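Per numbering that gives the first Met the number 0, the sequence shown starts with residue 0, numbered consecutively. Single-structure report; data block below.
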Amino acid sequence: MYENDIFDTSILHKLPDLRTWISNLQTEIDAIINEHVADWGLERDDREIVAIDVSRLATENQVDVAYGCEQWADYGVNIVITNGRITESYGGD
């Protein structure tokens, strides 16, 4: 491991909330992903979480969850969640 000056250990107690947010928002997340991939002419397929940016969790109670799948190649859909609500989404390659 290496030292990361950006990582704030105070987020560790917030990680269970993150799991709850994603679980509670799953239906809305699926609908947003479907919209984004349809715009690019892709199938929804078996998407999965490929990354979660927690760098704003301690300061803004916000995360950026990246979804992707092998069939999408470089395309991905990101869902920004703030205080347990979806506040933004974007897709691209």
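In this text, a Cβ means the ideal position worked out from N, Cα and C, and glycines have one as well. As the structure is a computational prediction, the values presented were derived from the model and not from experiment.
What's the C-alpha gap between Arg-55 and Gly-40? 32 Å
Have a look at Ser-9 and Arg-84 and give me their C-alpha separation to the nearest angstrom. 21 Å
Output yes if chain B places a C-beta closer than 7 Å to the C-beta of Ile-32; else output no. Note that chain B does not occur in the displayed structure, where there is just one protein chain.
So, are the CB atoms of Gly-90 and Val-79 less than 7 Å apart? no
Cβ distance (whole Å) where Val-64 is taken to contact Ile-51 below 8 Å: 5 Å
Are the Cβ atoms of Asp-92 and Asp-73 separated by less than 7 Å? yes
Alpha helix (DSSP H) containing Val-58: first to last residue? The identity of residue 58 in the sequence shown is Thr, whereas the question assumes Val. Looking at the DSSP string, the run of the alpha helix (DSSP H) that includes Thr-58 is 56 to 59.
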